[in-house]
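See below for the structure under consideration.
This is how it looks when you write it as structure tokens:
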């Protein structure tokens, strides 16, 4: 009765306080996802859990995952890896820890890895994940010396990012489990949330938690416009917490064992005790007006309290800073010689705390400040660590007035800007001094800030003197312990290493090296980076909801440099004090010290009164940190109010899960009834083939207490009742399981042979219950076709899923323009919420053979004959019948291939053993020609694609074999013999030093003279080759016999038949006579003439040219001759004729007329 009353009051209270603070969330509330049970993270289609507090070896880690319903981690994509890396960044504060996954080296294949325990089709580690390896993948040659137990793939960091290492399976480590979201109902929750047992899960009552912890604040009296300091503290809870602030001081005492320890003393701050109102508390913030070093230099701490207890914040201080006024008088001018190295110190005014100033540099140009940008001046360096401007090598362009500007910063934030420091005139004079060798300055490398703390931005600076005019000085860094530098940490031409959020693993020896553009090296110098760290928690506390009479273990593990001291608080009083004063039972509460920085608070046999807020406060000389959590002890009779058993459906032959998730405390037992009959259940086990729970009997309890029913039959339908019992009572909830007929494939893909470029319809359809939604998915060779994505060829694949429920082609896959790459296994999967059914068909595509390969030409090449061999390609279901061999000569375009052997039957080729290559001869190639050859195979469906071409080869040279064709000639200048011929193609030249030779004799002579035609030129737009032979002035229009032959260095080719060619004719010496004319009509005149007397060497008459022009005077006068040149026109008549007709004349006009004879394009006088 008491327990019932307590729960009732608690629920009423929760309802009331929910109205006071409708939003009660805490930062840790956002880490879980509703798709997965409590304690599991969700990413895409999987749930993940990270086990870190209790480390396991590999075998125990794998068993632990299976106990919770999942498997050790498998990584499928880079996106999934990034999710794991992000979670590890949040969880694994200690980056030296490594985490087990399911990855192991294959026992049967050294150097290859698999995901052990996962379904066979998911066991291979994908090639795109190889970039995640930090360790080198061992090679088979390393097997004899490789450690046999170093076979596990574990997660770890290289200080920059998370990736994979090889390690042993025996070490105790954290591990990561994974399970599909679809199997979330079989997963064991890792914890209970504060909503457990509450009737208002969206408005739960809870103790306070900090949203904002107070931080140290900087107060500079001279710079502050608001004369107060504010320490912010913000907490949440339900009901809304109230705040108290304390002064905190440290005290050294000797404990019972004789050790000297540091304890914290807290004094409550009472704002009312300050009549002046100097101190006030508003909405959690502590505001101190006119802070003073004598009264306000101690530590402060915030406490948040509501009806469920109190939590304590970290401590914070008011840091009293100083920044004196800078002098205004400019400094004395600095004059230096060029090619030397110089520094200009900024010399800031007195200030505190140290390293609180940030420097920027400007040049004062006629009163205007222009920033100095080192990215555009490689010889200039601005050092934050030393507060100076450095010049590796000065030049005259560095002359100017430099100004340092300072900004005061604190905790990474700019606080106050100061007026500029005094001007620094700087003059560089030209000199011929020799270039200086590179040298690192004595004060470098340097670190900023001087005493870096964990979490700060740290700069490691290196600055050197040296020749900087060409490519500047080249800086490089390395860690002497061999660890890599952080990614993207090098800045400012590699002079600076920037370490944002510096961590203990960044500590070590850093070496700076400098080299100039001439290859000269400076003596390297090193810097030992050592940091300090305020306390931080490697294992933060988490809210703990437990059953009455169970044991609670809260672990506090804090790190820091120096090592911190920590203390446990229950609400606002230390557990040690409560134990000493007897307010806590020492038999129930104990603190187990696991080391100087780790302890566990053990509470055994918890009672309702043990509920409360617990804080672990850790501190060292630098400050403190707090981690708080609520412990809630529950005593609750079983109830299904929030999670009643819900109706479900199952398909014959498949399995179904009836969910039973009652709430109750202490631990409940669960039993199941089917239509009133108690069921006998066994424990489920995880099937490695499917990654899902399986059952060796009819009924099994899952890790989540849900009921798994396998191999469903119609008699399994009915009412299922879950009965939950504990010491406080029992409750039950019932729901119906409906059995649906099994899916039946009515249309299935059919294996078939199709022709290339055809269209294929692959039918797929199932018969199912009318109210089941069926989705059809297609897989090709195991790859799921996602038709809404561009990573697949959506032009060829379309899902004809257009109408529901029963279209003619519902679920049919249409493949258009089928190609050979479309051959393979097509699987249709009909999916329902209850089950899936699949059927497969193999499509084989027939067509011309595939390309041959490996075309090789025998090195023993002949003049026109080569031996070619090749590997036969795929037949594409039809026997190869013949081959076609094509050649590409060096003078042809690269894509111009000539058939040199067609219809080469496969029986005429030679089969080479044991390679099964084919060989044949080609015997119609051109001599002395570089070729590539390729091969095509043909079958009954046509000729296939060509093979890749062979390497280039050159046939042997020989004398020309072809005769120059169409020898002809004539014309030309007088005294010459012009002849021409059609030249041979390049492929027919047959050898080097190719040219033509002419055999020429006069008709009356008997002997031929031989002429090497080296200067022959192309004519007639490249159709003919032409040569002009000089004869003499008196050899006009004489007949000559001409023969042409091709010649190369191997010999001469056959002669052409003799062809008579006339030498050039002379210009006609006689003009036509007896020129007369008469009107033919009003616009034409007929002209008559007598042929001229023939002269020797003129050649036959080709025609006559009639010249005519309007008469302006006597036709033989000088004026008429000018008119002929200006106004004359001409009419040509062909042949040896004596008259011609002129048309298109002006009527009633007198014309002058003259006639010329034409012989071989030569014109006589008028």
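Numbering (mature numbering (1 follows the signal peptide of the UniProt record, and there is no 0)), first residue to last: -19 to -1, 1 to 1147. Note that CB positions come from ideal geometry on N, CA and C, so glycine has one too.
Item: Environment of residue 534 [buried if 16+ CB atoms lie within 10 Å]; Value: exposed
Item: Start and end residues, alpha helix (DSSP H) containing residue 558; Value: 556 to 561
Item: Cβ distance (whole Å) where residue 582 is taken to contact residue 549 below 8 Å; Value: 5 Å
Item: C-alpha gap between residue 625 and residue 688, whole angstroms; Value: 14 Å
Item: Inter-residue CB distance, residue 63 and residue 201 (contact presumed, cutoff 8 Å); Value: Going by Cβ atoms, the distance from residue 63 to residue 201 rounds to 43 Å, so no, they are not a contact pair.
Item: Between the CA atoms of residue 205 and residue 250 - distance to the nearest angstrom; Value: 25 Å
Item: Length of the line joining the Cα atoms of residue 388 and residue 437; Value: 17 Å
Item: Segment contact flag, the stretch 564 to 574 with the stretch 624 to 644, C-beta cutoff 8 Å, min 3 pairs; Value: no
Item: Neighbourhood of residue 1032 by C-beta, 7 Å cutoff - its chain only, sequence neighbours within 5 removed; Value: 940
Item: Complete beta strand (DSSP E) runs within the stretch 152 to 192 (minimum length 3 residues, chain order); Value: 154 to 161
Item: Reference residue 1089; option with closest CA among 345, 1096, 234, 1110; Value: 1110
Item: CA-to-CA distance, residue 657 to residue 782, given in whole angstroms; Value: Note that residue 782 has pLDDT 29, beneath the 50 cutoff, so the model's placement of it is unreliable and the number below is only indicative. Approximately 44 Å between the Cα atoms of the pair.
Item: Local conformation of residue 115 per DSSP, three classes; Value: coil
Item: Cβ separation of residue 732 and residue 747, assumed to be a contact under 8 Å, to the nearest whole Å; Value: Actually they are not in contact, since the Cβ atoms of residue 732 and residue 747 sit about 19 Å apart, beyond 8 Å.
Item: Through-space distance from residue 811 to residue 794, alpha-carbon basis; Value: 13 Å
Item: The stretch 855 to 867 contacting the stretch 916 to 925, beta-carbon criterion three pairs below 8 Å; Value: yes
Item: Classification of residue 694 by the beta-carbon crowding that lies within 10 angstroms, buried from 16 upward; Value: exposed
Item: Bridge-paired residues (DSSP) for residue 260; Value: 269
Item: Bridge partner(s) assigned by DSSP for residue 689; Value: 638, 681
Item: For residue 752, the residue or residues it bridges with in DSSP; Value: DSSP, once it has assigned bridges, lists no residue as partnering residue 752.
Item: In DSSP terms, what residue 950 is bridged to; Value: 960
Item: Cutoff 7 Å; reference residue 122; Cβ partners in own chain excluding five residues on either side; Value: none
Item: Cβ-Cβ distance between residue 409 and residue 455 below 9 Å; Value: no
Item: Cβ pair residue 1148, residue 1112 closer than 9 Å; Value: Because residue 1148 is not part of the residues shown, which for the chain are -19 to 1147, the question remains open.
Item: For residue 163 and residue 698, the rounded distance between their alpha carbons; Value: 23 Å
Item: Cβ-Cβ separation, residue 469 to residue 480 (assumed contact under 8 Å), whole Å; Value: Contact flag wrong, Cβ pair sits at about 11 Å.
Item: Three-pair Cβ contact test at 8 Å for the stretch 370 to 382 versus the stretch 405 to 419; Value: yes
Item: Residue span of the alpha helix (DSSP H) that contains residue 44, given as start and end; Value: 39 to 48
Item: Same chain only: Cβ atoms within 6 Å of residue 913, ignoring 5 sequence neighbours per side; Value: 869, 930, 931, 933
Item: Alpha-carbon spacing of residue 568 relative to residue 562, whole angstroms; Value: 14 Å
Item: Euclidean distance between Cα positions of residue 149 and residue 158; Value: 19 Å
Item: Neighbour-count burial assignment, residue 95, 16 or more Cβ in a 10 Å radius; Value: buried
Item: Alpha-carbon to alpha-carbon, residue 875 and residue 984; Value: 48 Å
Item: Nearest neighbour of residue 214, chosen from 1009, 433, 285 [CA to CA]; Value: 285
Item: Contact under 9 Å by Cβ, residue 1126 with residue 1076; Value: no
Item: Reference residue 865, options 859, 893, 830, closest by Cα; Value: 830
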